[in-house]
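In terms of this note's numbering, the numbers along the sequence shown are unbroken and rise by one, the last being 350.
All residues carry an ideal CB built from backbone N, CA and C; glycine is no exception.
Each remark here refers to the structure printed beneath this line.
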Amino acid sequence: MILREVDKAEIIVLVDNYSDLFLSDTDMVKRLKILPPGAPMSEPGLSYLLKVHSGSDTHTLLFDTGISGSCLLHNAKTFASSKAVLMGEVSAKFEDIEAVILSHGHFDHCGGLLEFFDEAKKDLPVFLHDGAFVPRRFEVMPEFKVDLPAMDEEAVIKAGAELQRIDGPTSIASDLILLSGNVERQTDFEKGMPGAEAKIDDSWIPDPFHDDQGIAVNIKGKGLVVIGGCSHAGIINTVKHLQKVSGINDVHAVMGGFHLSGKNEKLIEPTISEMKEVDPDYIIPMHCTGWNAINRFAQEMPENFILNSVGTTYIF
């Protein structure tokens with residue numbers, strides 16, 4: 035796949051599980067400075083605003099929309115207001131967004147989509163895998179299974195989305211952003227989400243998460259920044275897949291939800307071991323990674339680790 039180098043990528047975290055107004059800045063990491071009475075909201079979902087630059091070519095996209103439009107819209111408006119001072123160069127203005135990417139069909143990543151379109155331009159491309167629309171449920175215990183909220187395809191189109199259905203790797207934004215498409219499973223330990231089921235061909239089966247995808251940008255002279263949603267395909271699988279399809283081995287940063295909580299805590303140590311082999315300059319575990327896994331990354335990769343917070347801007 036063609037993946038052009040970018041001179042700079044700016045990523046602002048609009049939605050994540052954790053908020054902290056007292057974290058410190060670095061040259062690359064700019065924390066939200068806010069004056070009362072405004073304050074960001076957090077929720078167990080994920081959304082990023084991504085802005086990439088190559089020469090005079092600039093593109094702004096939204097990656098995932100969190101659980102609720104209320105959190106997404108509140109944070110975007112708060113970050114763009116005069117009472118919120120972002121030390122970076124990204125403003126969370128929906129009118130700048132030219133496309134939306136959905137990592138997968140779980141409600142904590144697409145739940146805010148319809149309310150986003152209440153505020154955004156209509157007829158925006160929405161890049162996703164067809165599997166994002168499949169019915170899903172979760173097994174709490176063998177005799178108790180809970181249906182998960184699903185996207186209504188007709189409602190999404192009516193709201194203003196131009197669905198761009200992808201399966202394999204796809205480059206967008208003038209070849210500055212690479213969508214992984216269906217992630218190739220390469221590791222022997224990343225097996226998805228225990229208890230998750232999907233209805234495919236009229237049968238309930240363990241969810242294969244065909245729709246799960248990450249994205250990558252290629253920072254000039256530094257390598258890939260890999261960004262995941264929940265990484266149900268496995269964060270190591272996602273990184274290796276994007277390295278393979280881009281032909282770029284150097285990894286500058288890995289960020290996103292790694293889904294190493296609950297029954298997947300047994301994957302923490304092999305994931306950290308593999309991540310050390312990848313050796314990114316920065317590791318930024320978020321969302322569904324889980325408290326224990328986040329702390330283990332901090333312990334095992336202290337020079338690489340960054341604690342995320344809602345409103346953080348990363349400038350790569």
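First through last residue of the beta strand (DSSP E) which encompasses Val-251:
As a first step, residue 251 is located in the sequence shown; it is residue number 217 there, counting from the start. 249-253 is the span of the beta strand (DSSP E), which, as asked, contains Val-251.
Could you tell me the boundaries of the alpha helix (DSSP H) in which Gln-198 lies?
Numbered from 1 along the sequence shown, position 164 holds the residue referred to as residue 198. Looking at the DSSP string, Gln-198 is not in any alpha helix (DSSP H); the run it does join, the beta strand (DSSP E), is 195-199.
DSSP has Tyr-348 in a bridge; who is on the other side?
Numbered from 1 along the sequence shown, position 314 holds the residue referred to as residue 348. DSSP lists Ile-45, Val-63 as the bridge partner or partners of Tyr-348.
For Met-320, collect the residues of the same chain with a Cβ closer than 7 angstroms to its Cβ; drop the 5 residues on either side in sequence, then sort them by chain order.
As a working mapping, residue 320 is identified with position 286 in the sequence shown. Cβ neighbours of Met-320 beyond the five flanking positions: Asp-50, Leu-80, Met-289, Gly-290, Gly-291, Asn-342.
Excluding sequence positions up to five away, which residues of its chain have a Cβ less than 8 angstroms from the Cβ of Asp-91?
As a working note, residue 91 is residue 57 in the sequence shown. Correct list, in chain order: Ser-208, Leu-210.
Using 8 angstroms as the Cβ pair cut-off and three pairs as the minimum, do the stretch 240-250 and the stretch 98-114 touch?
No, the stretch 240-250 is not in contact with the stretch 98-114.
Taking one C-beta from the stretch 46-61 and one from the stretch 258-266 each time, how about it: are there three or more such pairs within less than 8 angstroms?
Fewer than three Cβ pairs drawn from the stretch 46-61 and the stretch 258-266 lie within less than 8 angstroms of each other, which leaves the two stretches out of contact.
Collapsed DSSP secondary structure at Asp-313 in the structure displayed
Position 279 of the sequence shown, counting from 1, holds the residue named residue 313. Coil at Asp-313, not helix or strand.
Of all the alpha helix (DSSP H) runs that stay within the bounds of the stretch 135-161, which reach a length of 4 or more residues?
Within the stretch 135-161, the runs of alpha helix (DSSP H) at least 4 residues long that lie entirely inside it are, in chain order, 141-144, 147-153.
What residues match up with Lys-274 in a beta bridge as DSSP calls it?
The sequence position of residue 274 within the sequence shown is 240, counting from 1. According to DSSP, Lys-274 bridges with nothing at all.
If I'm right that Ser-280 touches Cys-322 with Cβ under 8 angstroms, what's the distance once you round it to whole angstroms?
What you label residue 280 is simply residue 246 of the sequence shown in a count that begins at 1. What you label residue 322 is simply residue 288 of the sequence shown in a count that begins at 1. At roughly 25 angstroms, the Cβ-Cβ gap does not stay under 8 angstroms, so Ser-280 and Cys-322 are not in contact.
In this structure, does DSSP put Lys-117 in helix, strand or coil?
On the sequence shown, position 83 is the one that residue 117 refers to. Low confidence applies here, because Lys-117 scores a pLDDT of 48, under 50, leaving its location unreliable and the question unanswered by this model.
Looking only at DSSP bridge pairs, what is Pro-240 linked to?
Along the sequence shown, read from residue 1 onward, the residue named residue 240 stands at position 206. Under DSSP, Pro-240 shares a beta bridge with Glu-231.
Spell out a yes or no on whether the stretch 263-275 and the stretch 215-222 are touching, meaning 3 or more CB-CB pairs, one atom from each, closer than 8 angstroms.
The stretch 263-275 is in contact with the stretch 215-222.
Buried or exposed (CB count within 10 angstroms, at least 16 for buried), Phe-178
For the purposes of this step, residue 178 is identified with residue 144 of the sequence shown, where counting begins at 1. Around the beta carbon of Phe-178, fewer than 16 other beta carbons sit within 10 angstroms, so the residue counts as exposed.
Counting contacts by CB-CB distance shorter than 7 angstroms, is Ile-269 in contact with chain D?
The structure shown has no chain D; it contains just one protein chain.
Under three-state DSSP, which class holds Phe-167?
Taking the first residue of the sequence shown as 1, we reach residue 167 at position 133. If DSSP states are grouped into helix, strand and coil, Phe-167 belongs with the helices.
Report yes if the CB atom of His-87 is closer than 7 angstroms to the CB atom of Lys-127, and no otherwise.
In the sequence shown, the residue the question calls residue 87 occupies position 53. In the sequence shown, the residue the question calls residue 127 occupies position 93. Going by C-beta atoms, His-87 is not nearer than 7 angstroms to Lys-127.
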